Structures are given as C-alpha cells and as structure tokens.
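**Student:** First residue of the sequence shown: 327, per our numbering; consecutive thereafter.
The beta carbon of each residue, even a glycine, is placed where N, CA and C say it ideally should be.
Small disclaimer: the values here were computed from a predicted structure and weren't measured.
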Amino acid sequence: MSLLALCEVIFFLGYGIHFFYPNRTLALVVAVVALIVGILMLLGGVGGIRLI
327 MSLLALCEVI FFLGYGIHFF YPNRTLALVV AVVALIVGIL MLLGGVGGIR LI
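Here's what the structure looks like:
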C-alpha cells in the first residue's frame, strides 16, 4: 500500500467517524493520530509503516 493510499484511508476513516459520531473531541484525536502516523512514516520510510 502506497503512502498516499494509506493517508486517504486514514482521512476517510476519520471523516466517517466524524460523520457518524459528530463528537469534535473524537475527530480531533483521530486527526492527531493520523498526523503522528504520517510523520512517522515520512521519517522512517518503510520502517515507519512497520511501527503501525
């Protein structure tokens, strides 16, 4: 799975959670987790993907 595809999955997962459960705190947590995972993947390359 490419980095772009994984980011899209994370984004739509977060969007879906926000849509079905309109809880701003939960949406913020999902966004922060997606950001951290994205940074780890960019810094670690393939190694970052293994951290998930």
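1) Cα separation between residue 365 and residue 336?
2) Using the Cα positions of residue 341 and residue 334, report the straight-line distance between them to the nearest angstrom.
3) Can you round the beta-carbon distance between residue 367 and residue 329 to whole angstroms, since I take them to be within the 8 Å contact cut?
**Tutor:** This is what the structure holds:
1) 13 Å
2) 10 Å
3) 6 Å
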